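Participant:
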Amino acid sequence: MTVLQGRITSRPGIPLRVEVYDRIAGAIRAGALPPESLLPSESELGEAMEVSRTVVREALLLLEEDGLLRSRRGIGRVVSVAQPAAGFERLRPMEQILSNRFHDLSVSRTEVTLQRESASFIAEGLGIPSTASSLFIESVLTSNGDPVALVQEHLPAGENLHAFGTRVQRLVENIDRERTCLGSLAAELGPTFGIGRSELAAGTPGVVRAKLLKIRPTSPVLIVTQTVRLGSRPFYLAKVVLRPEAGPLEISHSAGRGHLSA
1 MTVLQGRITS RPGIPLRVEV YDRIAGAIRA GALPPESLLP SESELGEAME VSRTVVREAL
61 LLLEEDGLLR SRRGIGRVVS VAQPAAGFER LRPMEQILSN RFHDLSVSRT EVTLQRESAS
121 FIAEGLGIPS TASSLFIESV LTSNGDPVAL VQEHLPAGEN LHAFGTRVQR LVENIDRERT
181 CLGSLAAELG PTFGIGRSEL AAGTPGVVRA KLLKIRPTSP VLIVTQTVRL GSRPFYLAKV
241 VLRPEAGPLE ISHSAGRGHL SA
């Protein structure tokens, strides 16, 4: 019960039922609520998180819909034994998303650059002035020696990075080279991430990206633009370019939750 204790603070535009859902789902996926464990009653959960019983009930129904919980007549709600696999609708690093299909997937770092000024789309995505510096991290995801995806990540630098605290700054400055930046940060900061958003578009890679992906500049690719907030502030921007061989990206939807995060 301790893992669920603490007042729920609603973020702008996010219903309370979603906040309750995220806290319980996070505890389940982290193993703090093991399979077959019995959840406290709706009243107890409401008291622990300082929300109404109605809000708790709505969140629990959504958790059942998503397969994280199941009801036992006369007993209550218990954590499901088999947890549903998280798809692209969850905020996950691309190497984790693709690892279900490519079991030998590896990350190769190709560039780490401190950009003294930021292009407009980077500045807008990170919420910084175009005159501010930003960090560029580029990686190629390969399987059996062949490129599958190119991941180009952008984060604040200098004072704008320091504003997130020394722990975050230290993590960014010591990114694991065998993971994407998001992969390293999610392992440490995942619970504090705010809303994530992904935009998908068909396109072509262009000359520079095509060379890294070993395809023609005019070859068809899927381009995913990801933005992530840390707390309530913009923190992360990425362009992911996927070859057709990467296969389809599955996106599952659950009605009534009020938002989807990618």
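If you read the sequence shown in the UniProt record's numbering, its first letter stands for residue 1, the second for the next number, and so on.
Backbone N, C-alpha and C fix where the C-beta goes; we use that ideal spot for every residue, glycine too.
What you are looking at is a predicted structure, and each value in this text was computed from that prediction instead of being measured.
(1) Should F121 go down as buried or exposed, given a rule of 16 or more other Cβ atoms within 10 Å for buried?
(2) For L60 versus I8, is the C-beta spacing smaller than 9 Å?
(3) Assign G125 to one of three DSSP states: helix, strand, or coil.
(4) Using the Cα positions of R70 and L105, report the straight-line distance between them to the nearest angstrom.
(5) Who pairs with Y236 in a beta bridge, going by DSSP?
(6) Using a 10 Å radius around the Cβ and a threshold of 16 neighbouring Cβ atoms, would you call G74 buried or exposed?
(7) Would you mind reading off the limits of the alpha helix (DSSP H) that contains E138?
(8) Report the rounded CA-to-CA distance for P205 versus L189, giving the unit in angstroms.
(9) Please list the segments of the alpha helix (DSSP H) lying wholly inside the segment 186-223, counting only runs of 4 or more residues, in order along the chain.
(10) Hey, is the segment 119-133 in contact with the segment 227-238, meaning 3+ C-beta pairs nearer than 8 Å?
(11) Go through the UniProt domain "HTH gntR-type" (14-82) residue by residue and report every complete run of the beta strand (DSSP E) that reaches 3 residues or more, in order.
(12) Taking the continuous alpha helix (DSSP H) assigned at Q96, which residues delimit it?
(13) Which residue wins for smallest C-alpha separation from E117, given the options R216, I128 and N100?
Facilitator: Inspection of the coordinates gives the following:
(1) exposed
(2) no
(3) helix
(4) 34 Å
(5) V228
(6) exposed
(7) Premise fails: E138 lies in the beta strand (DSSP E), S134 to S143, not in any alpha helix (DSSP H).
(8) 31 Å
(9) 206-213
(10) yes
(11) 69-72 and 76-79
(12) M94 to S99
(13) I128
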